[in-house]
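Take a look at the structure set out below.
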Amino acid sequence: MDRKDYEDSLAQQSWLSEETVKAVVNAVDYKALHDAMPIKEIFDAQKIIITGMGDSYCAGIAVKPIFEKVAKVETEVWRAIEFSRIMSSKQLGFSPNTPMVIGISVSGNPARVQECLERANHYHANTILVTDQPSSPTAQVARHVVYAGLPEGTPYGPGANSYIGSLVSLALMAIRIGRAKGTINQNEWEDMSKSILTYAADFQAKMAEFNDQAFAVAQEWKDLKAYDFIGDYADYATAFFGSAKVLEAFGGYTTYDDSEDWNHINFFLTEPEKIGRVIVANENTPSFNRLKETAETVNALGSPCIVVTDADPKEFPEGFCVFQTPKPKYDWLNPILQHWCFSLVAGYISTLNGIEQFRRSNPIWQTEIGKKRLRGKTEIKLV
Amino acid sequence: MFYTETRYLETEAHSIKDITPEIREILAASGIQNGLLVVEVPHSTASVMRTTGGPLDIRQDLVNEVRRVVPSRINFLHEESPDDAAGHIKCGLFGNSITSIVKDGKLVSDGKLGWFFMEYDGPRARKYCVAVMGE
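Structure representation (structure tokens):
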């Protein structure tokens, strides 16, 4: 069986991962960041709120530590539906240009992020959209736009490289805020920006190995009953993203949780031997020991397991499939690319089982009401 | 005769560092008895200054006054950071090099004045260059 015969669009995107990172770093340069975040607005922002849905919401979770550790600004990540309809208006515009609301939408089309930015504008908060479509409807309502500059033809769904576009743009924004506020010096600023490119090159160097590993796992996992993801803190985003790829790529049953909740809840799933478990556990994650305990529990249950980690594979039970990713200079870089490991597995399962991504040609998913589900706008009750 | 040497240092933010002992070392290494010694800082947000080598509180006063003269603000046209923008102004105002007279193998102002590396941004990896010319 030749792996190349089973490459789907995710595997094809994986070969362009480093090129994508370079393109985004090139697009989101000092001038772009300066235009989108004038220094007065950076200093005005007493709080940052990041919002989006699906992969964009994941991106917010993944970069929250960069905003907190590097920019040192209190940062919250809100689901778009909760930001637009549930968040108290007292959180918006309580001081000029505060909070800095960063919406994420690569395509700029879905209505929910647009609603969030309209609501934030209404209360005189600052609004910035991270997008690859600066003329999109959502970009029109944002005060500022950060254009991710993805290479032409980058697919948005399932979009591992489009996710990278959001993550790298956001990381560069956090680093820029840190430099402006003096929480990092010029050397650190330059080094952090450079480290994104170095990590992308290191990761790309292992991409062929990861593709082979993913294809081997996909052959063993393609008929499993369900796929269960575990990750904490920023790695929760990688777990969430992986779970989303199960649904998008081949429509499997899936769940995701943090390690503590998993030990209280998902642990009880029946037929554990038929459930593929994916643990994202990096060495410097504060809960690394709990994640290792969780791995031991998964082993005792007899579930097949993938571990995505920058740690030594010997930290985990023998027999687990460990994707050992390059150790980045800064821990916050891990979520920018580690999502590749399971995305590749999901893509290969899709082709091995002959299941079309998003089931695009199946009429059940192409009803009029279904088509409107992302872009349709409903009235927002401002509170 | 011409002698040159570059020294490296790690600075703290908005700091002053006494480099007088290093300047004396470099002069001695040059072997030059009579001539000129130039200290130059090849950065745009740091410089070299001279003031008394005596009480340490004077050095801190110098740092504080420089910050009061050109405070870090957010309304400079250059927006990399307030410290960076103010640092460029300070560097322009106070200059990047100092020339001193060497006589009989000694710096004539040594003992009265010291040489100080001024960091207007930082913390940073920095350097300064020293050239000694004479015979």
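Top line first, the protein sequences correspond to chains C and L.
Position 89 of the first sequence, counted from 1, bears residue number 89 in the numbering used here, the numbering being contiguous throughout.
Position 120 of the second sequence, counted from 1, bears residue number 503 in the numbering used here, the numbering being contiguous throughout.
Every residue gets a Cβ at the ideal spot worked out from N, C-alpha and C, and that includes glycine.
Residue range of the unbroken alpha helix (DSSP H) whose run includes C/E296 = Start at 1 with the first residue of the first sequence, and residue 296 of chain C comes out as number 296. For C/E296, the enclosing alpha helix (DSSP H) starts and ends at F288 to L301.
Should the stretch 93 to 108 of chain C be regarded as contacting the stretch 210 to 227 of chain C, the criterion being three or more beta carbon pairs within less than 8 Å?
-> no
Cβ neighbour criterion (16 or more within 10 Å) applied to C/K194 = By one-based count along the first sequence, residue 194 of chain C stands at place 194. Exposed, because fewer than 16 other Cβ atoms sit within 10 Å of the Cβ of C/K194.
Beta-carbon contacts of C/A180 that lie in its chain and below 8 Å, excluding the five residues immediately before and after = Residue numbering aside, residue 180 of chain C sits at position 180 when the first sequence is read from its first letter. Around C/A180: M37, I39, I42 and F43.
Mind listing the chain L neighbours of C/I39? Cutoff is C-beta to C-beta under 9 Å, in chain order.
-> Mapped onto the first sequence, residue 39 of chain C falls at position 39. Those within 9 Å of C/I39 in chain L are I457, N458, F459, E462, E463, S464, P465 and A468.
Any Cβ of chain L within less than 8 Å of the Cβ of C/Q46?
-> The residue you call residue 46 of chain C lines up with position 46 of the first sequence. Chain L, which has no Cβ nearer than 8 Å to the Cβ of C/Q46, makes this no.
Where C/Q338 falls: helix, strand or coil (DSSP) = Residue 338 of chain C sits at position 338 when you count from the first residue of the first sequence. Three-state result, C/Q338: coil.
Taking Cβ to Cβ, would you say C/T183 is nearer than 8 Å to C/K72?
-> Mapped onto the first sequence, residue 183 of chain C falls at position 183. Mapped onto the first sequence, residue 72 of chain C falls at position 72. Yes, the Cβ-Cβ distance between C/T183 and C/K72 is below 8 Å.
Three-way DSSP call (helix, strand, coil) for C/R106 in this model = Translated into positions along the first sequence, residue 106 of chain C becomes position 106. With the sequence shown as reference, residue 106 of chain C is identified as Val, and Arg is not the correct amino acid for it. Here C/V106 sits in coil by DSSP.
Should the stretch 73 to 80 of chain C be regarded as contacting the stretch 247 to 257 of chain C, the criterion being three or more beta carbon pairs within less than 8 Å?
-> no
Is the distance from the Cβ of C/V388 to the Cβ of C/L167 below 8 Å?
-> Nothing in the structure corresponds to residue 388 of chain C, since chain C is present only between 1 and 383.
Limits of the alpha helix (DSSP H) - the one that C/Q219 falls within | Numbered from its first residue, the first sequence carries residue 219 of chain C at position 219. M207 to W221 is the span of the alpha helix (DSSP H), which, as asked, contains C/Q219.
Local Cβ density within 10 Å of C/F199, reported as buried at 16 or more and exposed below that | Here residue 199 of chain C refers to the residue found at position 199 when the first sequence is read from its first residue. The question names Phe, but residue 199 of chain C is Tyr in the sequence shown. Label assigned to C/Y199: buried.
With a cut-off of 8 Å, do at least 3 Cβ pairs link the stretch 447 to 464 of chain L to the stretch 405 to 412 of chain L?
-> No: the two stretches stay apart, fewer than three of their Cβ pairs being nearer than 8 Å.
Cβ distance (whole Å) where L/S483 is taken to contact L/L490 below 8 Å | What you label residue 483 of chain L is simply residue 100 of the second sequence in a count that begins at 1. What you label residue 490 of chain L is simply residue 107 of the second sequence in a count that begins at 1. About 5 Å separates the two Cβ atoms, so the contact holds.
Any C-beta of chain C sitting closer than 8 Å to the C-beta of L/A508?
-> Taking the second sequence and counting its residues from 1, one reaches residue 508 of chain L at position 125. Answer yes: the Cβ-Cβ gap between L/A508 and chain C drops below 8 Å somewhere.
Partner residues on chain C for L/G505, Cβ-Cβ distance less than 8 Å | For the purposes of this step, residue 505 of chain L is identified with residue 122 of the second sequence, where counting begins at 1. By Cβ distance, chain C contributes N185.
Please report the residue range of the alpha helix (DSSP H) in which L/K486 lies.
-> Within the second sequence, residue 486 of chain L is the residue found at index 103, counting from 1. Counting along the chain, L/K486 falls outside any alpha helix (DSSP H), though it belongs to the beta strand (DSSP E) covering S480 to K486.
Tell me where the beta strand (DSSP E) around C/I50 begins and ends.
-> As a first step, residue 50 of chain C is located in the first sequence; it is residue number 50 there, counting from the start. Start and end: I48 to G52.
Alpha-carbon to alpha-carbon, C/D235 and C/S287 = Translated into positions along the first sequence, residue 287 of chain C becomes position 287. Translated into positions along the first sequence, residue 235 of chain C becomes position 235. When rounded, the distance between both Cα atoms is 11 Å.
Residue of L/V513, L/G505, L/G517 and L/C512 minimising C-alpha distance to L/I396 | As a first step, residue 396 of chain L is located in the second sequence; it is residue number 13 there, counting from the start. According to the sequence shown, residue 396 of chain L is Ala rather than Ile. Checking every option, the nearest Cα to that of L/A396 belongs to L/G505.
Using the C-alpha atoms, what's the distance from C/V70 back to C/A171?
-> Along the first sequence, one-based indexing puts residue 171 of chain C at 171. Along the first sequence, one-based indexing puts residue 70 of chain C at 70. Cα-Cα distance, rounded: 9 Å.
Where does the unbroken beta strand (DSSP E) through L/Y391 begin, and where does it stop?
-> Sequence index remark: in the second sequence, residue 391 of chain L carries index 8 (1-based). Taken as a continuous stretch (DSSP letters only), the beta strand (DSSP E) holding L/Y391 covers F385 to E393.
Answer yes or no: does any C-beta atom of chain L fall closer than 8 Å to that of C/A174?
-> Here residue 174 of chain C refers to the residue found at position 174 when the first sequence is read from its first residue. Taking Cβ atoms only, chain L never reaches closer than 8 Å to C/A174, which makes this a no.
Bounding residues of the beta strand (DSSP E) (the contiguous stretch that carries L/R509) | On the second sequence, position 126 is the one that residue 509 of chain L refers to. Start and end: A508 to G517.
With which residues is L/K489 paired in a DSSP beta bridge?
-> Reading the second sequence from its first residue, position 106 is the one you call residue 489 of chain L. Looking at the DSSP assignment, L/K489 forms a beta bridge with L/K486.
Mapping DSSP to helix, strand and coil, what is C/Q140?
-> By 1-based counting over the first sequence, the position of residue 140 of chain C is 140. In this structure, C/Q140 counts as helix in the three-state DSSP scheme.
Mind checking the stretch 67 to 87 of chain C against chain L and listing, in chain order, the residues whose C-beta falls within less than 7 Å of any C-beta there?
-> none
Do C/N284 and C/D232 have their C-beta atoms closer together than 8 Å?
-> Numbered from 1 along the first sequence, position 284 holds the residue referred to as residue 284 of chain C. Numbered from 1 along the first sequence, position 232 holds the residue referred to as residue 232 of chain C. Not in contact: C/N284 and C/D232 (Cβ atoms no closer than 8 Å).
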